[in-house]
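Residue numbers (the working numbering), protein chains in the order written: chain A, 9 to 209; chain B, 9 to 209.
Glycine included, every Cβ here is placed at the ideal spot set by N, Cα and C.
All values derive from a computational prediction rather than experimental measurement.
Reading through the C-alpha cells given below for one structure.
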DNA sequence: ATTGGTATACTATACAGTGAGTATACACCA
DNA sequence: TGGTGTATACTCACTGTATAGTATACCAAT
C-alpha cells in the first residue's frame with residue numbers, strides 16, 4: 009500500500025466537498041475541514057499546500073462525476089435530441105429537491121471568487137463548463153442540428169440559469185421550465201433545416 | 009438640517025456597494041467598509057445594527073436602479089418584443105465589458121449565502137428577481153404572446169444564465185448568445201398562436 | 001536510520017461587535 | 001435670555017474569538 013490508511017487525503021477531500029459545497033468556500037475554515045475529516049490541521053497541510061490548493065482540489069474532484077451524471081441522464085432518456093436534452097433538466101430538478109442541494113458548486117465558487125480571476129480553482133471551473141459545452145456540441149453535431157455550437161451555448165445558458173434561479177427562489181419548477189425552453193430550442197434547431205439559418209435582421 | 013453632513017449613512021452604503029459587489033460579502037470586513045467610508049466602525053454600527061443588516065441594505069439599494077436600467081434598455085429599443093428583449097442582453101453584454109463588472113450582485117450574494125436561506129438579504133434578492141419576472145410577464149401579456157408566464161421565466165433563466173456563465177468564462181459573447189436565444193423564444197411565442205399551446209407529450 | 005504520515009502546541013493577524021465617552025444642536029421652560 | 005435635558009452623530013480603544021499557516025516532535029515501517 010502506498011497509502012497506509014485507506015483514507016487521509018480522501019477523507020480530507022470528502023470533508024472539503026461536504027463543507028465547501030454545503031456552506032461556501034470562505035464560510036468554511038481549514039480547521040473545520042480538518043475536524044470533519046477526523047485529523048489535525050497539520051496533517052491537512054501535509055497533503056495540501058494551502059487552502060487555495062484545497063479549494064482547487066475540491067472542484068477538480070467534482071469535474072468528472074458531474075459530467076458523467078449529465079451524460080448518464082442524457083443517454084438513458086428515450087426519444088429524440090430534444091427529449092434527451094430536456095431529460096437532463098428533469099433529472100436535475102429531481103436532484104434539486106434534496107434538502108442538501110445547494111446549486112452548482114462550480115458556479116457558486118466562481119461567484120465567491122469573482123474578485124480573484126487568477127485563482128487556480130477558477131480555471132478548474134471554467135474548464136469543467138467548457139467540457140460540458142463541448143460534449144453538448146458533439147451530440148448536437150452528430151444529430152443534424154442547424155448550429156450545434158450556438159445550440160450548445162443556449163443549453164449551457166439555460167442550465168446555469170436554472171442553477172442560479174433555483175438558488176434564489178428554492179423552487180425546482182424553474183429547472184423544469186428551463187427544460188421546456190431547452191426542448192424548444194433543440195426542436196427549433198432540428199426543424200429549421202428547411203428554412204435558411206439566419207433570420208432577416 | 010436633520011443630517012449635519014451630506015452623507016454618513018450614504019457614504020457607508022456607497023462603500024458597501026463598491027466593496028461587497030467588487031470583492032464579495034464574506035471577503036469584505038466591516039472595518040474595510042468603515043475605512044472606505046472614511047469613518048469609524050462604531051459609527052457604522054450606529055447606522056446599521058449588524059453586518060447582516062448592512063448586507064441587506066446593500067442589496068436593497070441595488071433593487072430599483074437595476075430594474076429601472078432593464079426597463080430603460082427595453083423601452084428605448086426599436087422593433088417588436090423579440091427585438092426589445094434581445095436589446096436587454098445586448099446592453100448587458102456592453103456593461104459586462106467594463107473591468108469592474110462582476111456579474112449580478114443579487115445572484116452572487118445568493119450563491120455566497122446559500123447556507124443561510126433565512127438571511128434577510130436572501131429575501132431582498134428573491135423579491136428583486138420576482139419583480140423582474142413580473143415586469144416581463146406584464147410586457148409579454150400586453151403583446152399577444154402564447155404563454156407570458158412561461159416566456160418570462162425563460163427570459164429570466166437566460167438572463168441569470170448569462171450572468172453566471174460570463175462570471176465563469178469572462179466572455180460577454182455568452183450574453184449575446186443568450187440574447188439570440190431570448191429573441192428565438194419570444195419569436196416562437198409571438199408566432200405560435202396558430203398552433204395549440206401544449207406539445208403532444 | 002531515514003522516510004512518510006501524524007499530532008500538540010503555537011504565532012500573528014483579522015474579525016464582528018462593544019464600552020465609555022465627546023461634540024453639536026435643538027426643544028422646552030423659567 | 002439663559003439654562004437644562006435629550007437625541008443625534010460621531011470617535012478611540014478595547015474584547016474575545018477565529019483565522020491561515022508553522023515549529024517541533026513523535027512513531028511506525030521500510
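Item, Value
"Backbone secondary structure at residue 152(B) - three-state DSSP", "coil"
"Cβ-based burial, residue 161(A) [other Cβ within 10 Å; buried from 16]", "buried"
"Exposed unless 16 or more other CB atoms sit within 10 angstroms - verdict on residue 73(B)", "exposed"
"Residue 48(A) burial status per 10 Å Cβ neighbour count (16 or more: buried)", "exposed"
"Boundaries of the alpha helix (DSSP H) in which residue 119(A) is found, first to last residue", "113-120"
"C-beta neighbour in chain A for residue 157(B), strict 7 Å", "no"
"Length of the line joining the Cα atoms of residue 143(A) and residue 180(A)", "25 Å"
"Secondary structure, alpha helix (DSSP H): runs of 4+ residues fully inside the segment 169-200 of chain B", "181-199"
"Presumed contact (8 Å Cβ cut-off) between residue 96(B) and residue 81(B), rounded CB distance", "5 Å"
"Interface flag, residue 146(A) vs chain B, CB-CB below 7 Å", "no"
"Where the alpha helix (DSSP H) through residue 86(A) begins and ends", "Counting along the chain, residue 86(A) falls outside any alpha helix (DSSP H), and DSSP gives it neither H nor E."
"Distance CB(residue 197(A))-CB(residue 186(A)) smaller than 7 Å", "no"
"Cutoff 7 Å; reference residue 115(A); Cβ partners in own chain excluding five residues on either side", "168, 171 and 172"
"Cβ pair residue 55(A), residue 20(A) closer than 7 Å", "yes"
"Nearest-angstrom Cα separation, counted from residue 28(A) out to residue 122(B)", "11 Å"
"Chain B contact for residue 43(A) (CB, 7 Å cutoff)", "no"
"Terminal residues of the alpha helix (DSSP H) in which residue 127(B) lies", "Residue 127(B) -> no alpha helix (DSSP H), and no H or E assigned at all."
"Contact between the segment 61-77 of chain A and the segment 128-141 of chain A (3+ Cβ pairs under 8 Å)", "yes"
"Within-7 Å CB hit, residue 19(A) to chain B", "no"
"Contact with chain A by residue 173(B), beta-carbon distance below 7 Å", "yes"
"Cutoff 7 Å: residue 118(B) Cβ touching any chain A Cβ", "yes"
"Residue 57(B) versus residue 88(A) - alpha carbon distance", "56 Å"
"Cutoff 7 Å: residue 25(B) Cβ touching any chain A Cβ", "no"
"From 174(B), 157(B) and 155(B), residue whose alpha carbon lies closest to that of residue 164(A)", "174(B)"
"Within chain B, partners of residue 164(A) - CB distance below 7 Å", "173"
"Span of the alpha helix (DSSP H) around residue 26(B)", "17-31"
"CB contact below 7 Å: residue 176(B) versus chain A", "yes"
"Within 7 Å, strictly: CB atoms of residue 153(A) and residue 133(A)", "no"
"Spatial distance of residue 24(A) from residue 125(A) (CA atoms)", "21 Å"
"Minimum C-alpha distance to residue 15(A) - residue among 38(A), 30(A), 52(A) and 39(A)", "52(A)"
"Backbone CA spacing between residue 204(A) and residue 18(B) [nearest angstrom]", "At residue 204(A) the pLDDT is 43, less than 50, meaning the model places this residue with poor confidence; the figure from the coordinates comes in the next sentence. In a straight line, the C-alpha of residue 204(A) is about 55 Å away from that of residue 18(B)."
"Start and end residues, alpha helix (DSSP H) containing residue 40(B)", "38-45"
"Below-7 Å beta-carbon distance, residue 108(A) vs any chain B residue", "no"
"Three-state class that DSSP yields for residue 55(A) in the structure shown", "helix"
"Straight-line Cα distance separating residue 42(A) from residue 102(A)", "32 Å"
"Residue 108(A) (DSSP reduced to helix, strand or coil)", "coil"
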